[in-house]
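Taking our numbering, the leading residue of the sequence shown gets 1167, the next gets one more, and so forth.
Think of the CB as a built atom: it goes at the ideal place given N, C-alpha and C, for glycine as much as any other residue.
On a predicted model such as this, the values are computed, not experimentally measured, just so you know.
This report refers to the structure that appears directly beneath it.
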Amino acid sequence: MTKFGTAAFAAISAALMAGPATSATLVGDVVDVDYDYKFARIHYWCAAGKAVISAGMPVTTMIYRTSPAHRSAGEGMAFALSGNISGPWNAMTANRAANLCHEGSDPEFFDIGTTFSNI
């Protein structure tokens, strides 16, 4: 890899790891993400995905939401690394969760894979 290629790779890697700063704790197979008044659902998933990846786990590790879909005000979000929950916003890989840091929207009623456009 050229000197430019190495620098570009480092910059891109740093940008990908950037995102919301919050406290996400991984203990055993449970990830707890602290409440942040600025956070939408995607930010909690992002923090959980980053916590799993930064712990050295594979990016393909599945993360399952264990918090209720509608939390009370002031509550963070909890996730587990094992479970059998399926459906939109209930389970995704650590890589997909971490990449939500760059989505910029929270499609409330749509599946993660849905593409949106401004009309």
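Interface flag, residue i vs chain C, CB-CB below 8 Å
| i | result |
| --- | --- |
| G1242 | The structure shown contains no chain C, having only a single protein chain. |
Classification of residue i by the beta-carbon crowding that lies within 10 angstroms, buried from 16 upward
| i | result |
| --- | --- |
| G1215 | buried |
| A1190 | buried |
| A1221 | exposed |
| I1251 | exposed |
| Y1203 | exposed |
| V1196 | exposed |
| H1209 | buried |
| V1193 | exposed |
| A1239 | exposed |
| H1268 | exposed |
Contact set for residue i: own chain, Cβ-Cβ below 6 Å, skip 5 residues either direction
| i | result |
| --- | --- |
| W1211 | A1263, L1266 |
| G1242 | V1199, D1200, Y1201 |
| R1231 | F1245, N1256 |
Same chain only: Cβ atoms within 8 Å of residue i, ignoring 5 sequence neighbours per side
| i | result |
| --- | --- |
| P1224 | A1260 |
| P1234 | none |
Range of the contiguous beta strand (DSSP E) that encloses residue i
| i | result |
| --- | --- |
| I1123 | This structure cannot settle anything about residue 1123, because the visible part of the chain is limited to 1167 through 1285. |
| L1192 | 1190-1193 |
| D1198 | 1196-1199 |
inquiry  = To test your reading of the DSSP string, which unbroken beta strand (DSSP E) runs of 3 or more residues are found completely within the stretch 1211-1264?
reply    = 1228-1231, 1243-1246, 1257-1259
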